[in-house]
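Below is one structure; the comments refer to it alone.
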Amino acid sequence: MESDPNTRKQAIAVGYIFLAGVGMLLLQWLLTTYNTVETIPYSQFEQLVEQGKIAEVSVSQDTIQGKFKDKQSDGKTAFVTARVDPPLAEKLAAKGITVTGVPSGGVIQTLLSWVVPALMFYLIWVFLGRKVMDRQGFGGLMSIGKSRAKVYVETDTKVTFADVAGVDEAKFELQEVVQFLKDPKSYGRLGAHVPKGILLVGPPGTGKTLLARAVAGEAGVAFFSISGSEFVEMFVGVGAARVRDLFEQARKAAPCIIFIDELDALGRSRSAGAQLGGYDEKEQTLNQLLAELDGFDPSSGVILLAATNRPEILDPALLRAGRFDRQVLVDRPDRSGRLAILKVHIRKITIADGVDLDKVAALTAGFTGADLANLINEAAIAATRRKGHDVTFEDFTVAIERIVAGIEKKSRVLSPAERRRVAYHEMGHALVAANLVGVDPVQKVSIIPRGVGALGYTMQRPTEDRFLLSISELKNRIAVLMGGRASEQLIFDGDVSTGAADDLQRATEIAIEMVTKYGMDAKVGQRTYAPRPQVSFLQPQDQIVSAAEDTGREIDLAVRDLIAEGGARARAILDGHREDLERGVALLIAKETLTAEEFAPLRPAAAPVPAPHVAVPG
């Protein structure tokens, strides 16, 4: 059982206070001893003896130490003097003074009296200084070049391929690694060898780290885990030293697995123009990693796994054959993969009978494994919040809304006029989506504010995974996005609001991609006007359109025409379903939230609505 971090911090603080107290007491004792002892001449000592003012003495070979019977006028209570009179003992005995002898310490006593306190203060200073450096991440000077990799064994990982679902292709690729670690001789029989390095690439949250730990758990070997950011420090040469130390430890523990998470922090592509110290240090660390990979013995039983979600920025020398021989894509799971992941995670919760996990998987298109784990947790929290005994399908629906649309903000009170306008806007989206084919079906419409700036939302969730979209489907998506603005134009006689800002931006992005990326406009032509995008699993950067001035004007006109056509189609649909629009708005204002089961016109239509003719401006 791990100790509480707060308790550990309190214990360390108490230890510091204790050491400081001991130091203060020692210093006080030294000062007090020095201030209360008086050095007197031997003649004065004889006079004090004759006068009976001496209480006790300690006689050594060279000195006489003792205490006065009464405190002196200057506050002294003890004395010390040199010993010069051999028959002193007889004289002391005649006066009835107790005489004791102490051995002379000489140089040793002097050293102990001065060196020991100084050594104690030095040790305390070193201890406190090391604690401060560890807290700031520098570590001790002797261990600064040591690798910080955490070492796990099979019993520590407690993860197998049974705990990893939805990435069957990646699991199949890594089965060879497991078989090699279990039986390396079988691969050498025909001269084959296992890949030196395997790079796991994919979006964040897809289970790359979990998959690497599962490989170690299945193979039953040591597992060295370290992040790419832990190599480079503020001192030059530390990163390369840690790379050397990591591979040295791994060779001693072979067979084993080295796993470097977030490889992009270490293996970023080298720039010819970067000559600053920070870049030199990173390049030196990367060069050391490349050298270690070149020196790998394929039969040594050491396998390097790495994970990144930014393969496009990795150095080409790192990805060449002979270093990272194989790249394994760990992508977002499809519907069957999501179902398998849900089945793994529901082991930890109490789920109600009759919950259709396949339907939950259908509603979570685009979710990663981490998203699905969060969904299960949010559903369990929702069930706990309503004091339920198990997790129902409604709890999953609430969790999906919370993840996709954000947290409800019931404290944000809208005026009646604003609520009415928001209701028409959202119902416009929903009715247009319900009457077009190829768009995601409407699950729910709400006028409860959610997230950062949404005053209402129309929840559309796909029921199947889509990998291709046609021109008509993209145009339908633009029409759905323009449904809110079209509804406001229809009801408020063209007096539109700012509520369609996000809709316009998303519609514009789709239209630009149709014209410049997919070649879907006859006038502009079937060619691309954007640079070739790099493979990126993070949010892609905006592409700059490269075209001549006249062509750029044609692109602008084509984008405008696509959006205008979508708006006209949306308005035509709403004009033909004016009665449904009014009834839906009335129900939405009364209930605040409306589902497709509660309002039939929100259910998908069987046939698409034809597109009206839109005049192109000259």
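Numbered by the numbering used here, the letters in the sequence shown go through residues 38 to 655 in order.
Every residue, glycine too, gets a C-beta built ideally from N, C-alpha and C.
Is the CB of G443 under 8 Å away from at least one CB in chain C? Given the protein chain composition of this structure (a single chain), no chain C is represented.
Coarse secondary structure for R369, derived from DSSP in three states: Within the sequence shown, the letter at position 332 stands for residue 369. It is coil, neither helix nor strand.
For L451 and L283, what's the separation of their Cα atoms in angstroms? Position 414 of the sequence shown, counted from the start, is the residue given in the question as residue 451. Position 246 of the sequence shown, counted from the start, is the residue given in the question as residue 283. Looking at the two C-alpha atoms, the distance is approximately 60 Å.
Taking the straight line between their C-alpha atoms, what separation do you get for I295 and G234? Counting from 1 along the sequence shown, the entry for residue 295 is found at position 258. Counting from 1 along the sequence shown, the entry for residue 234 is found at position 197. Cα to Cα, the separation comes out at about 9 Å.
Going by alpha carbons, who is nearest to G359 out of L326, A377, R375, D390? What you label residue 359 is simply residue 322 of the sequence shown in a count that begins at 1. Cα-wise, what sits closest to G359 is L326.
Tell me the start and end of each unbroken beta strand (DSSP E) in the region 456–541 that is at least 3 residues and wholly inside, in chain order. 479–483, 494–497
Residue(s) in a DSSP beta bridge with L351: Here residue 351 refers to the residue found at position 314 when the sequence shown is read from its first residue. The partner list for L351 (beta bridge, DSSP) reads R305.
Put Q173 into one of helix, strand or coil per three-state DSSP. For this step, residue 173 is matched to residue 136 along the sequence shown. Model confidence at Q173 stands at a pLDDT of 48, short of 50, so the residue's coordinates are unreliable; what they give is reported in the following sentence. The answer is coil: DSSP assigns Q173 none of H, G, I, E or B.
Should G315 be labelled buried (16 or more other beta-carbon atoms within 10 Å of its own) or exposed? Here residue 315 refers to the residue found at position 278 of the sequence shown. Bear in mind that the predicted position of G315 carries a pLDDT of just 46, short of 50, making it unreliable; the figure below should be weighed with that in mind. It is exposed - the Cβ of G315 has fewer than 16 other Cβ atoms within 10 Å.
Can you say whether P78 is buried or exposed, counting buried as having 16 or more other CB atoms within 10 angstroms of its CB? One-based indexing of the sequence shown puts residue 78 at position 41. By the 10 Å Cβ count, P78 comes out exposed.
Selection from P478, A491, A454, H466 that minimises the alpha carbon distance to G443: For this step, residue 443 is matched to residue 406 along the sequence shown. For the residues P478, A491, A454, H466, the minimum Cα distance to G443 belongs to A491.
Can you name, in chain order, every residue of its own chain whose Cβ lies under 8 Å from the Cβ of L611, other than the five neighbours on each side? Numbered from its first residue, the sequence shown carries residue 611 at position 574. Within the same chain, L611 has close Cβ partners G465, L468, V469, G520, A523, S524, L527, L618.
Consult DSSP for D298 and reduce its assignment to one of helix, strand or coil. Along the sequence shown, read from residue 1 onward, the residue named residue 298 stands at position 261. It is a strand residue.
Identify whether G103 lies in helix, strand or coil by the three-state DSSP scheme. Working through the sequence shown from its first residue, we reach residue 103 at position 66. It is a strand residue.
Could you tell me the boundaries of the beta strand (DSSP E) in which S95 lies? The sequence position of residue 95 within the sequence shown is 58, counting from 1. That run of the beta strand (DSSP E) goes 91–96.
Helix or strand or just coil, what does DSSP make of M553? By one-based count along the sequence shown, residue 553 stands at place 516. In the sequence under discussion, the amino acid at residue 553 is Thr, which differs from the Met named in the question. It is helical.
Give the single residue among K104, V622, D107 whose Cα lies nearest to the Cα of T495. The residue given as residue 495 occupies position 458 in the sequence shown. Checking every option, the nearest Cα to that of T495 belongs to V622.
Going by other Cβ atoms of all chains shown within 10 Å of its Cβ, with 16 needed for buried, is F529 buried or exposed? Sequence index remark: in the sequence shown, residue 529 carries index 492 (1-based). Classification of F529: exposed, given that the 10 Å Cβ count is below 16.
Exposure label - A343; buried when at least 16 CB within 10 Å: Numbered from 1 along the sequence shown, position 306 holds the residue referred to as residue 343. When all chains shown are included, A343 counts as buried.
Quick check on M117: does DSSP put it in helix, strand or coil? Reading the sequence shown from its first residue, position 80 is the one you call residue 117. The question names Met, but residue 117 in the sequence shown is Val. Strand.
Looking at the structure shown, is R226 part of a helix, part of a strand, or coil, going by DSSP? Residue 226 sits at position 189 when you count from the first residue of the sequence shown. Coil.
E75 to V163 span [Cα, whole Å]: On the sequence shown, residue 75 is found 38 positions in, with the first residue counted as 1. On the sequence shown, residue 163 is found 126 positions in, with the first residue counted as 1. Roughly 36 Å separates the two Cα atoms.
Along the chain, where does the beta strand (DSSP E) containing I285 start, and where does it finish? Locating residue 285 in the sequence shown gives position 248, counting from the first residue. Looking at the sequence itself, residue 285 is Glu, so the reference to Ile does not match. Unbroken run through E285 is the alpha helix (DSSP H), 275–289; no beta strand (DSSP E).
Cβ-heavy atom distance, R457 to the ligand COA, below 7 Å: The ligand COA is absent from the structure shown, which contains no ligand whatsoever.
For E501, collect the residues of the same chain with a Cβ closer than 8 Å to its Cβ; drop the 5 residues on either side in sequence, then sort them by chain order. Stepping through the sequence shown from its first residue, residue 501 is reached at position 464. If we look at E501 and ignore the five residues flanking it on each side, its Cβ neighbours are R372, A399, A402.
Beta strand (DSSP E) containing G234: first to last residue? Counted from its first residue, the sequence shown places residue 234 at position 197. Start and end: 234–238.
Closest to K385 by CA distance: which of L351, E445, E415, R120 is it? Translated into the one-based positions of the sequence shown, residue 385 becomes position 348. Comparing Cα positions, the closest option is E415.
DSSP beta-bridge partners for A358? Within the sequence shown, residue 358 is the residue found at index 321, counting from 1. Beta-bridge pairing links A358 to no other residue.
Under the assumption that V381 contacts G239 (Cβ atoms under 8 Å), give the Cβ distance between them as a whole number of angstroms. Counting from one through the sequence shown, the residue named residue 381 turns up at place 344. Counting from one through the sequence shown, the residue named residue 239 turns up at place 202. No, V381 and G239 are not in contact; Cβ-Cβ is about 18 Å, not under 8 Å.
Tell me where the alpha helix (DSSP H) around S80 begins and ends. What you label residue 80 is simply residue 43 of the sequence shown in a count that begins at 1. Per DSSP, S80 belongs to the alpha helix (DSSP H) from 79–88.
Under the assumption that D301 contacts G244 (Cβ atoms under 8 Å), give the Cβ distance between them as a whole number of angstroms. If you number the sequence shown from 1, residue 301 lands on position 264. If you number the sequence shown from 1, residue 244 lands on position 207. The Cβ separation is near 18 Å, so there is no contact.
If I'm right that K447 touches L631 with Cβ under 8 Å, what's the distance once you round it to whole angstroms? Taking the first residue of the sequence shown as position 1, residue 447 is located at position 410. Taking the first residue of the sequence shown as position 1, residue 631 is located at position 594. 17 Å between Cβ atoms; not a contact.
Going by CA-CA distance only, name the one from L156, A354, Y461, V552 that's closest to I508. Residue 508 sits at position 471 when you count from the first residue of the sequence shown. Per the Cα distances, V552.
Specify the secondary structure class of A633 as computed by DSSP and reduced to three states. Looking up residue 633 in the sequence shown gives position 596. Correct three-state label for A633: coil.
Tell me the residue span of the alpha helix (DSSP H) that contains E206. As a position in the sequence shown, residue 206 is number 169, starting the count at 1. Note, E206: alpha helix (DSSP H), 205–219.
Note down the Cα distance separating K195 from D390, rounded to an integer number of angstroms. Here residue 195 corresponds to residue number 158 of the sequence shown, with the count starting at 1. Here residue 390 corresponds to residue number 353 of the sequence shown, with the count starting at 1. Their Cα atoms are separated by approximately 30 Å.
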